[in-house]
């Protein structure tokens, strides 16, 4: 399942970037 998500992110950099930023925001707020 993780490989599938990685492939989707590689095909869609915008999705990967938004997900990466969201994870960073969660770390900052938490």
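In UniProt numbering, the protein residues as written are 1 to 30. Using N, Cα and C, we set each Cβ at its ideal position, and we do this for glycine too.
| Item | Value |
| --- | --- |
| Span separating the alpha-carbon of residue 28 from that of residue 3 | 27 Å |
| Whether residue 16 touches residue 10 by CB criterion (9 Å) | yes |
| Own chain residues within Cβ distance below 8 Å of residue 14, not counting five before or after | none |
| Backbone secondary structure at residue 12 - three-state DSSP | coil |
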